[in-house]
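Take a look at the structure set out below.
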Amino acid sequence: MKKIWFGFLATFAYCTAIAGLLTLLSPKEGFWHEFIFAQCIGFSISLINSLALSRMPPGKLRYVALSVTLPISIVVGVAVAIRLTGSGDEVYPSALQPLLIGLFFGIIASITFILFERIGQLNLEVKQRQLSQIESAKREMEAQLKMLQAQIEPHFLFNTLANVSSLIDNDPLLSKKLLERLNDWLRVALTRARSDRTTLGDELDMLDNYLQILKIRFGERLRWTMDVPEDVRGLVFPPMLLQPLVGNAVRHGIGLKIGGGKIVIRAVIKKTGLCIEVNDSGVGLSGDVDVGGTGLANVRARLATLFGEAGKLTFENNTKVGVTATLELPR
Amino acid sequence: MKAIIADDEMHLAEDLRRRLNKLWPELQIISVVHDGVAVTAALIEMKPDIAFLDICMPGQSGLNVACSATGDCRVVFVTAYDDHAVQAFEQAAVDYLLKPVSDERLARCVERLQQRSKAEPDALLARLHKLLAAAVPPEKSE
Numbered sequence: 002m003k004k005i006w007f008g009f010l011a012t013f014a015y016c017t018a019i020a021g022l023l024t025l026l027s028p029k030e031g032f033w034h035e036f037i038f039a040q041c042i043g044f045s046i047s048l049i050n051s052l053a054l055s056r057m058p059p060g061k062l063r064y065v066a067l068s069v070t071l072p073i074s075i076v077v078g079v080a081v082a083i084r085l086t087g088s089g090d091e092v093y094p095s096a097l098q099p100l101l102i103g104l105f106f107g108i109i110a111s112i113t114f115i116l117f118e119r120i121g122q123l124n125l126e127v128k129q130r131q132l133s134q135i136e137s138a139k140r141e142m143e144a145q146l147k148m149l150q151a152q153i154e155p156h157f158l159f160n161t162l163a164n165v166s167s168l169i170d171n172d173p174l175l176s177k178k179l180l181e182r183l184n185d186w187l188r189v190a191l192t193r194a195r196s197d198r199t200t201l202g203d204e205l206d207m208l209d210n211y212l213q214i215l216k217i218r219f220g221e222r223l224r225w226t227m228d229v230p231e232d233v234r235g236l237v238f239p240p241m242l243l244q245p246l247v248g249n250a251v252r253h254g255i256g257l258k259i260g261g262g263k264i265v266i267r268a269v270i271k272k273t274g275l276c277i278e279v280n281d282s283g284v285g286l287s288g289d290v291d292v293g294g295t296g297l298a299n300v301r302a303r304l305a306t307l308f309g310e311a312g313k314l315t316f317e318n319n320t321k322v323g324v325t326a327t328l329e330l331p332r
Numbered sequence: 509m510k511a512i513i514a515d516d517e518m519h520l521a522e523d524l525r526r527r528l529n530k531l532w533p534e535l536q537i538i539s540v541v542h543d544g545v546a547v548t549a550a551l552i553e554m555k556p557d558i559a560f561l562d563i564c565m566p567g568q569s570g571l572n573v574a575c576s577a578t579g580d581c582r583v584v585f586v587t588a589y590d591d592h593a594v595q596a597f598e599q600a601a602v603d604y605l606l607k608p609v610s611d612e613r614l615a616r617c618v619e620r621l622q623q624r625s626k627a628e629p630d631a632l633l634a635r636l637h638k639l640l641a642a643a644v645p646p647e648k649s650e
């Protein structure tokens, strides 16, 4: 709205100034005569430009269109002005004069108008680009934060700390052991995540620590084995991809089964790449595959970023009992 | 007053029992169980006045099991997960403790439970008093 009022005022002022100038140059017709003509032509040009040129994309086409609309607008403006001033045949002989004057001032005004529009558009583009940069930086930070949260696993931390606290009076040695293991795990979880040169062996060592912590809490209900040959352990492997799977297996599979169960981690090299299975003998999936929330979503997102379509994570109920989560990475 | 404790992690269940003994020696902890099925059985058979329930347990979740608690049994949820608070409220739980539970927080919970159990005998006495006053005619002063 402000823009329209500004345009209106600018046109009015511009035309008044032209009328004044023309009156000074040839006072024959009088100021009001020049004023009416100037305003009619000016607003005619302004109106037709706003309607036609604004709709067009920026570029040379606008200027081509201007060469057509300008003469038309001037003729329209002159016609209206003649009607208003009532001057008919007197003006006719000098029709060329208003046309030329109109063209002269009209071209200046129209080009100025087009340039202003372009500047406004460019400013808008710059602002939009800045905004999208800020948005993208914000999304990246949020993703990193979510990744960190998922890695730290707050429920795992709180539950483990509760256990440490509960053991302090009655079994201080065990409490201390638990605290030390938690410390080791945290150190690895928080620093390894940033490293590029981690191996599958490193990840399995960290998982062993993680499971030892859970064992102190779950007791005999948690058992596990890792079936990974030495040469496979040496392979480069992105950090923190397996822990959410194991955490899931314990929390939603074994933890909910009376008597507990066993986790088997198996890794094998196939033609398509590395294939890692996390098998549990827990309660199984109840239809909704994506149990586990943020942790699993995080794994999928990282797989997609690192390997695109070639990285896969699938869940399947085992024939007898429990679930197998399969992680597939390309060579 | 009788209470039961349910937590699938043995250390935490034992710890809660010890701390409750200290804070509320008159409270009798008649059973400590470790899965949802055992909790349901304990609630039905032993009819405790108070039940301290973990939520993530094998068998049945603490929230589901709370339905088996009879009307007079007060339920306190003890869990590391804060996303069950709304459901806990719908189960009319007396309190919702987040693990690890600090001593002050547990003390506040115990206070709350004690106040509730005190309020009832007083209300009963008040009603009894009214009934007696209505039944016995007022003495005429000489």
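Order-wise, the sequence lines are chains A and B. Okay, so the first sequence: first residue is 2 according to the numbering used here, each after it adds one. Okay, so the second sequence: first residue is 509 according to the numbering used here, each after it adds one. All C-beta atoms, glycine included, are put in the ideal place defined by N, C-alpha and C.
Ignore the nearest five residues each way along the sequence and tell me which others in residue i's own chain have a CB closer than 8 Å to its CB.
i	result
A:Pro199	According to the sequence shown, residue 199 of chain A is Thr rather than Pro. The answer, listed in chain order, is Arg193, Val237, Phe238, Pro239, Pro240.
B:Arg620	Val602, Asp603
A:Thr1	Here chain A comprises residues numbered 2 to 332, so residue 1 of chain A is not present and cannot be evaluated.
A:Ile49	Thr70, Ile73, Ser74, Val77
A:Phe38	Ala20, Gly78, Val79, Ala82, Thr86, Pro99
A:Ser55	Glu118
Just curious, the alpha helix (DSSP H) that residue i is in, first and last residue?
i	result
B:Gly570	570 to 573
A:Gly8	3 to 26
B:Lys555	Premise fails: B:Lys555 is in no alpha helix (DSSP H) and is neither H nor E.
A:Glu310	Here A:Glu310 belongs to no alpha helix (DSSP H), and DSSP marks it neither H nor E.
A:Thr273	Here A:Thr273 belongs to no alpha helix (DSSP H), and DSSP marks it neither H nor E.
A:Lys29	Here A:Lys29 belongs to no alpha helix (DSSP H), and DSSP marks it neither H nor E.
B:Met518	518 to 531
B:Val644	Segment: none, B:Val644 is in no alpha helix (DSSP H) and carries neither H nor E.
B:Gln595	593 to 598
A:Leu168	155 to 168
A:Asn249	244 to 249
List, in order along the chain, the chain A residues whose C-beta lies closer than 7 Å to that of residue i?
i	result
B:Pro533	Those within 7 Å of B:Pro533 in chain A number zero; the least Cβ separation is about 17 Å.
B:Lys607	Phe159, Asn160, Ala163
B:Leu528	Chain A residues near B:Leu528: none, gap ~13 Å exceeds 7 Å.
B:Asp523	Ser167
B:Leu520	Ala163, Asn164, Ser167
Quick one: what's got a C-beta closer than 7 Å to residue i's C-beta in the same chain, skipping five residues either side?
i	result
A:Ala305	Gly312
A:Asn318	Gly285, Leu286, Val324
B:Leu640	none
B:Arg527	Leu614
A:Leu215	Leu223, Val251
B:Asp543	Asp516, Met565, Pro566, Gly567
A:Ile153	Ala190
A:Met142	none
A:Thr12	Gly43, Phe44, Ser47
B:Ser649	Residue placement at B:Ser649 is poorly supported in this model, since its pLDDT is 49, which falls under 50; the coordinates still yield a value, given next. Result list for B:Ser649: empty, nothing under 7 Å.
A:Pro94	Residue confidence is low: A:Pro94 scores 49 on pLDDT, short of 50, so the model does not pin down where it sits. No coordinate-derived value is stated.
Note down, in chain order, each residue of its chain lying with its Cβ closer than 6 Å to the Cβ of residue i, except the 5 sequence neighbours on either side.
i	result
A:Thr17	none
A:Leu328	Ile277, Leu314
B:Arg582	Ile558, Val602
B:Ala588	Lys607
B:Asp580	none
A:Ala268	Val229, Val233, Ile277
When DSSP builds the beta bridges, which residues end up paired with residue i?
i	result
B:Lys510	B:Gln536
A:Glu278	A:Arg267, A:Thr327
B:Phe560	B:Ile513, B:Val584
A:Val237	A:Thr200
A:Asp228	A:Arg267
A:Gly262	A:Leu223
B:Val541	B:Ala514
In the DSSP assignment, the beta strand (DSSP E) including residue i goes from what residue to what residue?
i	result
B:Ile603	In the sequence under discussion, the amino acid at residue 603 of chain B is Asp, which differs from the Ile named in the question. Segment 603 to 606, the beta strand (DSSP E) holding B:Asp603.
A:Lys313	313 to 318
Give me the chain A residues within the contact set of residue i, using Cβ-Cβ distance strictly less than 9 Å, ordered along the chain.
i	result
B:Ser517	This sequence places Glu at residue 517 of chain B; Ser is not what is there. What B:Glu517 touches in chain A: Asn160, Ala163, Asn164, Ser167, Arg218, Phe219, Gly220.
B:Val547	Correct list: empty, because the minimum Cβ distance to chain A is about 12 Å.
Name, please, each residue of chain B whose Cβ falls closer than 9 Å to the Cβ of residue i.
i	result
A:Gly256	Asp516, Cys564, Met565, Pro566
Which residues in chain B sit within 7 Å of residue i, going by Cβ to Cβ distance?
i	result
A:Ile259	Asp543, Val545, Pro566, Gly567
List the residues of chain A whose Cβ lies closer than 8 Å to the Cβ of residue i, in chain order.
i	result
B:Ala588	His156, Phe159, Asn160, Ala163
Say the cut is 8 Å; is the CB of residue i nearer than that to a heavy atom of the ligand SAH?
i	result
A:Phe238	Judged by which ligands are present, the structure shown has none, so any question about the ligand SAH falls away.
Next item on the list: Scan the stretch 188 to 226 of chain A and note each continuous alpha helix (DSSP H) run of 4 residues or more that stays entirely inside, going in chain order.
Entry: 201 to 219
Notebook entry, point to check: What residue ranges within the stretch 25 to 85 of chain A form continuous alpha helix (DSSP H) runs of no fewer than 4 residues, ordered along the chain?
Noted result: 32 to 53
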